[in-house]
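> Residue numbers (this note's numbering): 784 to 1126. Note that CB positions come from ideal geometry on N, CA and C, so glycine has one too. To start, I am sharing the structure in question, which I have written as structure tokens.
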Amino acid sequence: MAELRGALIGCGFFAVNQMHAWRDIDSASIVAICDRDPERLKVLGDQFGIERRYTDAAALFAGESLDFVDIATTAPSHRSLVEMAAQNRVPAICQKPFAPTLADAKAMVKACSDAGVALMVHENFRWQSPIQAVRAVLDSGDIGTPFFGRISFRSAYDVFSGQPYLATGKRFIIEDLGIHSLDIARFLLGDVSTITTRTARINPNIAGEDVATMLMDHKSGATSVVDCSYATKLAAEPFPQTLVEIDGSDGTIRLEQDYRLTVTGRNGTAVSDVSPPLLPWASRPWHNIQESVVAIQKHWVACLASKTEPATSGADNLKTLALVEAAYAGAASGEPVQLDALL
Ligand code: NAD
Ligand code: 89V
784 MAELRGALIG CGFFAVNQMH AWRDIDSASI VAICDRDPER LKVLGDQFGI ERRYTDAAAL
844 FAGESLDFVD IATTAPSHRS LVEMAAQNRV PAICQKPFAP TLADAKAMVK ACSDAGVALM
904 VHENFRWQSP IQAVRAVLDS GDIGTPFFGR ISFRSAYDVF SGQPYLATGK RFIIEDLGIH
964 SLDIARFLLG DVSTITTRTA RINPNIAGED VATMLMDHKS GATSVVDCSY ATKLAAEPFP
1024 QTLVEIDGSD GTIRLEQDYR LTVTGRNGTA VSDVSPPLLP WASRPWHNIQ ESVVAIQKHW
1084 VACLASKTEP ATSGADNLKT LALVEAAYAG AASGEPVQLD ALL
């Protein structure tokens, strides 16, 4: 297969990981980058030796022949950039949160579908190797049919130093982090029919909620609790680990802190270490997330080659974004929210 020519739009905090990951993938490379901030464009371009640089996305599409574009900007720009990719018939990856509203996201999916181009949301947490390990146990049938799950992310890590915009939005933890946990719940237990949500803001210096607890009914009949917090001071800081508990008809799965996986199933109990590898360019504690960036980008390249739909396609991610919308609506009303009405 000829090497795919990609461009990256948005040269900020997280794009560095995406650029490193592209370097690790032989069959694709980033040939041009774009950021409306010339300083950020220069820093990333110099770091990765990319000479073709644009401060305007329209000029990028006009000036380059591309096999895909990797959009790593924040949510307010996602709709216009994805629609621009569709107009130019360029397959697109779009960072999470897919869009500020579900209506925007639906329009983005339609634009790409009408143009016949692939669209994947960079929803990478389900690609973390410990989460994939949990999924593999479920697929093995060892614990039988799951009837309960808990997806938990509780931390006091200072995310605001790297991502200062997270402190200023009216929405915070559900939209930024809970979105990953909700997607993991869908990945492990299937689609959701109803969600009930409670939120709190503990840190007085931020605008949005930093604690959320969500109770979900899955269409499979399973119940799950998705809980996340950036106000939880623990003896050992677990950031950015997602902890998982699943109870099934024949056993249990526990993914505990420090990537310890305990499976009690039909054949007894097995304990294993499912720590993610530390890639040469990665740094703790982010290595878990960094490895998943390579995994999702490899998946994108494989999907383009085989013309198959990515696991976290735009269409799939509407169901995760709907959970975010429903969680905020339910937190405001205090009532359970039905998902099918939103989709
Ligand atoms: P950032 O603000 O550091 O970087 C965004 C960059 O995009 C900025 O340099 C900005 O100038 C540029 N930009 C914005 N609009 C543009 C436009 N229309 N054209 C060209 N450039 C434009 O943000 P970040 O922290 O890197 O986050 C980017 C996205 O990545 C967010 O959506 C965030 O939620 C997501 N993110 C994902 C993960 C993950 O694990 N998947 C982790 C962190 C951040
Ligand atoms: O993955 C993210 O979106 C990040 C972080 C893990 C720090 O919340 O914002």
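(1) Leaving out five residues on either side along the sequence, give the residues of the same chain with a beta carbon under 7 Å from the beta carbon of Ala1053.
(2) In its own chain, which residues sit with a C-beta less than 7 Å from the C-beta of Pro883, not counting the 5 before and 5 after it?
(3) Per DSSP, which residues does Leu1044 bridge with? Please list them.
(4) Pick helix, strand or coil for Ile854, following the three-state DSSP scheme.
(5) Cβ of Gln801 within 7 Å of any heavy atom in ligand 2?
(6) Determine which residues share a DSSP beta bridge with Asp1010 and list them.
(7) Helix or strand or just coil, what does DSSP make of Ala919?
(8) Could you spell out where the beta strand (DSSP E) holding Gly828 opens and where it closes?
(9) Pull up the DSSP beta-bridge partners for Thr980, would you.
(10) Would you kindly work out how many angstroms separate the C-alpha atoms of Ser797 and Ala855, rounded to a whole number?
(11) Decide yes or no for the touch test of the segment 870 to 888 against the segment 1059 to 1073: beta carbon pairs closer than 8 Å, at least 3 of them.
(12) Take His803 and list the residues in its own chain whose beta-carbon comes closer than 6 Å to its own, dropping the five residues that flank it on each side.
(13) By Cβ distance, which residues of its chain are closer than 6 Å to Thr982, with the 5 residues on each side in sequence left out?
(14) Could you give the DSSP three-state label for Lys946: helix, strand or coil?
(15) So the beta strand (DSSP E) Ile792 belongs to, where does it begin and stop?
(16) Tell me which residue opens and which closes the alpha helix (DSSP H) that Leu972 is part of.
(17) Shortest alpha-carbon distance to Arg835 belongs to which of Tyr1111, Ala790 and Lys879?
(18) Please classify Asp897 as buried or exposed, where buried requires at least 16 neighbouring CB atoms within 10 angstroms.
(19) Beta carbon of Thr1025, beta carbon of Ile926: below 8 Å?
(20) Please identify the residue among Leu885, Phe881, Phe851 and Pro880 whose C-alpha is closest to the C-alpha of Ala869.
(21) Is it a yes or a no for the segment 966 to 985 touching the segment 1068 to 1078, going by three-plus beta-carbon pairs under 8 Å?
(22) Could you tell me the alpha carbon to alpha carbon distance between Leu827 and Gly952, rounded to whole angstroms?
(23) Quick one: residues in its chain with C-beta nearer than 6 Å to the C-beta of Ser1058, no 5 flanking neighbours on either side, listed in chain order?
(24) Looking at C-alpha atoms only, which residue of Asp974, Ala916, Tyr1013 and Thr1103 is the closest neighbour of Ser1075?
(25) Please name the residue or residues paired with Val865 in a DSSP beta bridge.
(26) Do Ile956 and Ser1007 count as a contact pair if the criterion is CB distance below 8 Å?
(27) Does the segment 837 to 844 touch the segment 1098 to 1117, meaning 3 or more C-beta pairs lie closer than 8 Å?
(28) Among Arg984, Pro1023 and Ser976, which one has its Cα closest to the Cα of Lys1002?
(29) Between the alpha carbons of Asp1056 and Leu843, how many angstroms are there, rounded?
(30) With respect to 7 Å, is the separation between the Cβ of Gln946 and the closest non-hydrogen atom of ligand 2 below this value?
(31) Kindly list the residues whose CB is nearer than 8 Å to the CB of Arg954, restricted to its own chain and excluding five residues on each side of it in sequence; keep chain order.
(32) Would you say the beta carbon of Leu1106 is closer than 7 Å to some non-hydrogen atom of ligand 2?
(33) Out of Gly1004, Glu1020 and Leu998, state which residue places its alpha-carbon closest to the alpha-carbon of Asp1010.
Taking the definition as stated:
(1) Val1046
(2) Ala858 and Pro859
(3) Leu1038 and Ser1055
(4) strand
(5) no
(6) Ser935 and Thr996
(7) helix
(8) It is not in any beta strand (DSSP E) - Gly828 instead sits in the alpha helix (DSSP H) that spans Pro821 to Phe831.
(9) Met997
(10) Reading off the sequence shown, one finds Phe at residue 797, where the question assumed Ser. Whole-angstrom Cα-Cα distance: 7 Å.
(11) no
(12) Trp1064
(13) Glu992, Ala995 and Ala1114
(14) Contrary to the premise, residue 946 reads as Gln rather than Lys in this sequence. Note: Gln946 maps to coil in three-state DSSP.
(15) Leu787 to Ile792
(16) Ile962 to Leu972
(17) Ala790
(18) exposed
(19) no
(20) Phe851
(21) no
(22) 26 Å
(23) Tyr1042
(24) Ala916
(25) According to DSSP, Val865 bridges with nothing at all.
(26) no
(27) no
(28) Ser976
(29) 44 Å
(30) yes
(31) Gly991, Glu992 and Tyr1111
(32) no
(33) Leu998
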